[in-house]
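Numbering of the sequence shown is given in the working numbering, commencing with residue 68 and proceeding in unit increments.
Positions of the beta carbon are idealized from the N, C-alpha and C atoms, including for glycine.
Take a look at the structure set out below.
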Amino acid sequence: MQLVKAKDYQELCRMAAERIIGKVKRARNIKLGLATGGTPTGVYRELIEDHRKNGTSYRHVTTFNLDEYVGLSPEHPSSYHYYMNKNLFEHIDIPKEKTYLPNGMSADLEAECRRYETLIEAEGGIDIQILGIGLNGHIGFNEPGTPFDSLTHVVQLAETTREANSRYFGSPDEVPTHAVTMGIGTIMKSREILLLVNGRNKADILRRLFEEKVTEQLPASVLKTHPHVTIIADEEACSRL
Ligand code: GLP
Numbered sequence: 068m069q070l071v072k073a074k075d076y077q078e079l080c081r082m083a084a085e086r087i088i089g090k091v092k093r094a095r096n097i098k099l100g101l102a103t104g105g106t107p108t109g110v111y112r113e114l115i116e117d118h119r120k121n122g123t124s125y126r127h128v129t130t131f132n133l134d135e136y137v138g139l140s141p142e143h144p145s146s147y148h149y150y151m152n153k154n155l156f157e158h159i160d161i162p163k164e165k166t167y168l169p170n171g172m173s174a175d176l177e178a179e180c181r182r183y184e185t186l187i188e189a190e191g192g193i194d195i196q197i198l199g200i201g202l203n204g205h206i207g208f209n210e211p212g213t214p215f216d217s218l219t220h221v222v223q224l225a226e227t228t229r230e231a232n233s234r235y236f237g238s239p240d241e242v243p244t245h246a247v248t249m250g251i252g253t254i255m256k257s258r259e260i261l262l263l264v265n266g267r268n269k270a271d272i273l274r275r276l277f278e279e280k281v282t283e284q285l286p287a288s289v290l291k292t293h294p295h296v297t298i299i300a301d302e303e304a305c306s307r308l
């Protein structure tokens, strides 16, 4: 894992966006793995800004998101589909049919997990996967204890995760109890991974990530075994290193 320190959140976003834009410009048919949550919103703002100013085109880009809540439709304002549409897709020239997220509304969620996994394979895998990190070290929605070889699956969300994400909902009770997420094995198949960590509240988990051994109790620790991981973290997140 290579650590790149950014002064603040803005610089972190610029650095991450530059890497993504570089790839989008260089390679035809690039496959981007995308994340939601608070961390990547500023990165998406940078991508939109660059698209407007410099005309970087996403017509040849395919995206796969990490996860989606079970039971929320794409029109639900707290769904990750909605988040992606509002924070990125509506503002760039990516063809809608090339933006994939798991369908949390599927009547057969097990089949949906298999379909999503097969789809990623069929597209040739993910070139660069953007990740945030949960306070308990989760990546995507892979909570502590998730097997490292897991593929796309349905998860029960940890209460702490539901609480942390309740800011996107009217009340904590409205946060779904389950989600569909790429597995840790799915994430690890990406050719390159960019982990973004910002803010003082992530300082402890970033310290743990560097200090603790590779264990399924700390899902992000698996990244130490991947050959091409860059962590971009701001000064606040690095304050306990
Ligand atoms: C959520 C998402 C993750 C995200 C994490 C951190 O639960 N499923 O993909 O990385 O929590 O979110 P944030 O960036 O808002 O801190």
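- Excluding five sequence positions before and after D134, the CB atoms of its chain that fall closer than 6 angstroms to its own CB belong to G207, F208, A246, T248, given in chain order.
- At least one heavy atom of the ligand GLP falls within 7 angstroms of the beta-carbon of G207.
- Checking the 7 angstroms criterion, the Cβ of G100 is out of range of every heavy atom belonging to the ligand GLP.
- According to the DSSP assignment, Q223 belongs to no alpha helix (DSSP H) but to the beta strand (DSSP E) extending over 220-223.
- Between D194 and I88, the C-beta spacing is not below 8 angstroms.
- Y150 is positioned such that its CB atom lies closer than 8 angstroms to that of T103.
- Under DSSP, no beta-bridge partner is assigned to I88.
- Counting other Cβ atoms within 10 Å of its Cβ, K74 stays below 16 and is therefore classed as exposed.
- Where D301 is concerned, the enclosing beta strand (DSSP E) starts and stops at 296-301.
- For G191, the closest of P286, Y183, P107 by C-alpha to C-alpha distance is Y183.
- Bridge pairing for V264: A300 [DSSP].
- A residue is called buried once 16 or more other Cβ atoms fall within 10 Å of its Cβ, and K291, having fewer, is exposed.
- In the structure shown, the three-state DSSP call for T106 is coil.
- Sequence-distant partners of P243 (beyond 5 residues in either direction) whose C-beta falls short of 6 angstroms from its own C-beta, in its chain, are Y136, V137, G138.
- Rounded to the nearest angstrom, the Cβ distance from P286 to G199 is 12 angstroms, too far for a contact under 8 angstroms.
- Annotation for N232: V242 place their beta carbon closer than 7 angstroms to its own, counting only its chain and skipping 5 residues before and after.
- Residue state for Q284 is assigned as coil, using DSSP reduced to three classes.
- L114 sits buried, since 16 or more C-beta atoms from the chains shown fall within 10 Å of its C-beta.
- Checking the 7 angstroms criterion, the Cβ of L262 is out of range of every heavy atom belonging to the ligand GLP.
- In the DSSP assignment, the residues bridged to V71 are I299.
- Looking at the DSSP output, K98 bridges to T129.
- Relative to the non-hydrogen atoms of the ligand GLP, the Cβ of L133 comes within a distance shorter than 7 angstroms of at least one.
- In the DSSP annotation of this structure, the continuous segment of the alpha helix (DSSP H) that includes Y183 starts and ends at 176-189.
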